[in-house]
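Student:
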Amino acid sequence: MSRANRIGKELARQRAALVRVEQEQRRDRKRRNTVYGSSLGVVLLAIVLGVFVTAAAQPTYTPTAPSNTVADTTGGVSNADGMAIPVGEASAPVKLTVYEDARCAECGAFESKDQSAYKALVASGKLELLVHLVDYVDNSRGGSGSLAAGNAMACAQDAGDFEAYHDVLYAAQPAEGTDAFSSTGTLIKYAAQVSGLDTATFESCVTSGKYDDWVKQNYRELEKIDGIANAAVPTVFANGSRIDVTSLSASTFTSEITALAKAATASPSPSASASASSTAASTASPSTTSTTSASASASPSPSAS
1066 MSRANRIGKE LARQRAALVR VEQEQRRDRK RRNTVYGSSL GVVLLAIVLG
1116 VFVTAAAQPT YTPTAPSNTV ADTTGGVSNA DGMAIPVGEA SAPVKLTVYE
1166 DARCAECGAF ESKDQSAYKA LVASGKLELL VHLVDYVDNS RGGSGSLAAG
1216 NAMACAQDAG DFEAYHDVLY AAQPAEGTDA FSSTGTLIKY AAQVSGLDTA
1266 TFESCVTSGK YDDWVKQNYR ELEKIDGIAN AAVPTVFANG SRIDVTSLSA
1316 STFTSEITAL AKAATASPSP SASASASSTA ASTASPSTTS TTSASASASP
1366 SPSAS
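To convert, take the position in the sequence shown, counting from 1, and add 1065; that gives the working numbering.
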């Protein structure tokens, strides 16, 4: 064999060896990637299953609401789960949904300007308030007075004294920045101005923050309705339609609610409509008795024949 042939064969052998090494390396990489991919898939599957199992295991939490609250489902208000404190008759034709915060200056202005007007409408049977207490200012400025005052008013609702205690707090409303309502001692002190409210039960309810979660949930409901974080208050809906109470005078507010009440009660009731239809039908058609009498007069009697 010539020297050139030997060199050629050696080069071919070396190339073949290199190819085998590269092929083996590719197979090793493929095996490692397969094992890694399978392991990663198992880990990811375990994580996903863990999330679903955890979510399934966690019960849906519904905050405890104060006594005698009602589901607010009026008109365009989408928070059927939001339990409101009712003031007035459930049969009132106008439902005024109010989101408010005892620490909020604008809410204080609304109460100062329109409280007499809405109380008169409630007394006349035209209006029912559905009150949602929220912690708006706490979220926008910090502090805890909104939450503490909202909880205290909910505690007063348990005692049947919501309206009276609500009015006491708004009459004594401090400046927003002072956060004076964050003191449970202050809130308990104001209970002495409402006959029969200053009790150990009320004090325990206030100091324990019994309805804190309910107040927070009310605000989350409002943010859901508005579609924004830090939704402002007062937010007011009359039969589901938003009204800007901050820009209305008390007389205009009264006129608008009165007009809504009139419109809501203008249609005849189903029973009245049915009665009217029945009367019209009997007037338009001859009675069976009349038809029978006419027929008898037209035919001769057997004895006459």
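In this text, a Cβ means the ideal position worked out from N, Cα and C, and glycines have one as well. All of these numbers come straight from a predicted model, not from anything done at the bench.
Between LEU1212, SER1314, GLY1225 and LYS1160, which lies nearest to GLU1274 when the distance is taken from Cα to Cα?
Tutor: The residue labelled residue 1274 in the question sits at position 209 within the sequence shown. In the sequence as presented, Glu is not what sits at residue 1274; that position holds Gly. The closest CA to that of GLY1274, considering only LEU1212, SER1314, GLY1225 and LYS1160, is found on LEU1212.
Student: Give the single residue among ARG1285, ALA1294 and GLY1225 whose Cα lies nearest to the Cα of GLY1261.
Tutor: Taking the sequence shown and counting its residues from 1, the one referred to as residue 1261 is at position 196. The option with the nearest alpha carbon to GLY1261 is GLY1225.
Student: So, helix, strand or coil for ALA1121, using DSSP?
Tutor: On the sequence shown, residue 1121 is found 56 positions in, with the first residue counted as 1. Unreliable positioning characterises ALA1121 in this predicted model, as indicated by a pLDDT of 44, which lies under 50. The coordinate reading is nonetheless provided below. DSSP, reduced to helix, strand and coil, places ALA1121 within a helical segment of the structure shown.
Student: Going by C-alpha distance, which of PHE1175, GLY1210 and TYR1201 is nearest ILE1293?
Tutor: Counting from one through the sequence shown, the residue named residue 1293 turns up at place 228. Among PHE1175, GLY1210 and TYR1201, the Cα nearest to that of ILE1293 is on TYR1201.
Student: Can you tell me whether SER1306 is helix, strand or coil according to DSSP?
Tutor: On the sequence shown, position 241 is the one that residue 1306 refers to. Note: SER1306 maps to strand in three-state DSSP.
Student: Starting from the Cα of CYS1172, find the closest Cα among GLY1190, ASN1133, VAL1196 and VAL1271 and give me that residue.
Tutor: Counted from its first residue, the sequence shown places residue 1172 at position 107. Answer by Cα proximity: VAL1196.
Student: Based on the DSSP secondary-structure assignment, which residues constitute the bridge partners of ALA1149?
Tutor: Stepping through the sequence shown from its first residue, residue 1149 is reached at position 84. In DSSP, ALA1149 forms a bridge with VAL1135.
Student: Could you check whether the Cβ of LYS1178 sits closer than 6 Å to any heavy atom belonging to the ligand NAP?
Tutor: Among the ligands in the structure shown, none appear at all, so the ligand NAP cannot be discussed.
Student: Where does the unbroken beta strand (DSSP E) through LYS1160 begin, and where does it stop?
Tutor: Residue mapping note: residue 1160 aligns to position 95 of the sequence shown, counting from 1. Bounds of the beta strand (DSSP E) holding LYS1160 are 1159 to 1165.
Student: Do the segment 1221 to 1235 and the segment 1127 to 1139 touch if we need at least three Cβ pairs shorter than 8 Å?
Tutor: Touching, yes, given that three or more Cβ pairs across the two stretches are closer than 8 Å.
Student: Under 7 Å between the Cβ atoms of ILE1322 and LEU1186?
Tutor: Stepping through the sequence shown from its first residue, residue 1322 is reached at position 257. Stepping through the sequence shown from its first residue, residue 1186 is reached at position 121. Yes. Within cutoff.
Student: How many whole angstroms separate the CB atoms of THR1162 and ASP1137, which I take to be in contact at a CB cut-off of 8 Å?
Tutor: In the sequence shown, the residue the question calls residue 1162 occupies position 97. In the sequence shown, the residue the question calls residue 1137 occupies position 72. Confirmed, about 6 Å.
Student: Quick one: Cα of ALA1349 to Cα of ALA1331, how far?
Tutor: Locating residue 1349 in the sequence shown gives position 284, counting from the first residue. Locating residue 1331 in the sequence shown gives position 266, counting from the first residue. Its pLDDT being 44, under 50, ALA1349 is placed unreliably by the model, and the measurement read from it follows with that caveat. The straight-line gap from Cα to Cα measures roughly 27 Å.
Student: Are there three or more Cβ pairs, one per stretch, closer than 8 Å when the segment 1147 to 1160 is compared with the segment 1275 to 1292?
Tutor: yes
Student: Between the C-alpha atoms of ALA1256 and ALA1296, what's the straight-line distance to the nearest angstrom?
Tutor: As a working mapping, residue 1256 is identified with position 191 in the sequence shown. As a working mapping, residue 1296 is identified with position 231 in the sequence shown. Whole-angstrom Cα-Cα distance: 30 Å.
Student: May I have the straight-line CA-CA distance separating CYS1169 from VAL1298, to the nearest angstrom?
Tutor: Along the sequence shown, read from residue 1 onward, the residue named residue 1169 stands at position 104. Along the sequence shown, read from residue 1 onward, the residue named residue 1298 stands at position 233. Cα-Cα distance, rounded: 8 Å.
Student: Take ASN1216 and list the residues in its own chain whose beta-carbon comes closer than 7 Å to its own, dropping the five residues that flank it on each side.
Tutor: In the sequence shown, counting from the first residue as 1, residue 1216 sits at position 151. Answer for ASN1216: VAL1271, GLY1274, LYS1275, TYR1276, ASP1277 and VAL1280, listed in chain order.
Student: Beta-carbon within less than 6 Å of PHE1175's beta-carbon, same chain only, minus the 5 sequence neighbours each way: which residues are those?
Tutor: Here residue 1175 refers to the residue found at position 110 of the sequence shown. Counting only Cβ-Cβ distances below 6 Å, and skipping sequence neighbours, we find PRO1299 and VAL1310.
Student: From what residue to what residue does the beta strand (DSSP E) around GLU1154 run?
Tutor: Looking up residue 1154 in the sequence shown gives position 89. Where GLU1154 is concerned, there is no enclosing beta strand (DSSP E), given that its DSSP letter is neither H nor E.
Student: Among all the DSSP beta bridges, which residues are the ones paired with THR1300?
Tutor: Residue 1300 sits at position 235 when you count from the first residue of the sequence shown. Per DSSP, TYR1164.
Student: Given that a residue counts as buried once 16 or more other Cβ atoms are within 10 Å of its Cβ, and exposed if not, what is SER1209?
Tutor: Along the sequence shown, read from residue 1 onward, the residue named residue 1209 stands at position 144. Burial call: buried.
Student: Do the CB positions of LYS1191 and ALA1329 come within less than 7 Å of each other?
Tutor: Numbered from its first residue, the sequence shown carries residue 1191 at position 126. Numbered from its first residue, the sequence shown carries residue 1329 at position 264. Not in contact: LYS1191 and ALA1329 (Cβ atoms no closer than 7 Å).
Student: Looking at the structure shown, is PHE1318 part of a helix, part of a strand, or coil, going by DSSP?
Tutor: The residue labelled residue 1318 in the question sits at position 253 within the sequence shown. In the structure shown, PHE1318 sits in a helix (DSSP, three-state: H, G or I).
Student: Going along the chain, which residues of its own chain have a beta-carbon closer than 6 Å to the beta-carbon of ASP1166, five neighbours each way excluded?
Tutor: Numbered from its first residue, the sequence shown carries residue 1166 at position 101. Hits under 6 Å: CYS1172, VAL1199, TYR1201, VAL1202, SER1211 and VAL1298.
Student: For my contact list, PHE1246 and ALA1214 are in at a C-beta cut-off of 8 Å; report their separation, rounded to the angstrom.
Tutor: Taking the first residue of the sequence shown as 1, we reach residue 1246 at position 181. Taking the first residue of the sequence shown as 1, we reach residue 1214 at position 149. That belief holds up - the Cβ atoms of PHE1246 and ALA1214 are roughly 4 Å apart, short of 8 Å.
Student: Can you tell me whether DSSP reads VAL1280 as helix, strand or coil?
Tutor: Mapped onto the sequence shown, residue 1280 falls at position 215. Here VAL1280 sits in helix by DSSP.
Student: Identify the continuous alpha helix (DSSP H) that holds VAL1187 and give its terminal residues.
Tutor: Reading the sequence shown from its first residue, position 122 is the one you call residue 1187. Counting along the chain, the alpha helix (DSSP H) containing VAL1187 begins and ends at 1170 to 1188.
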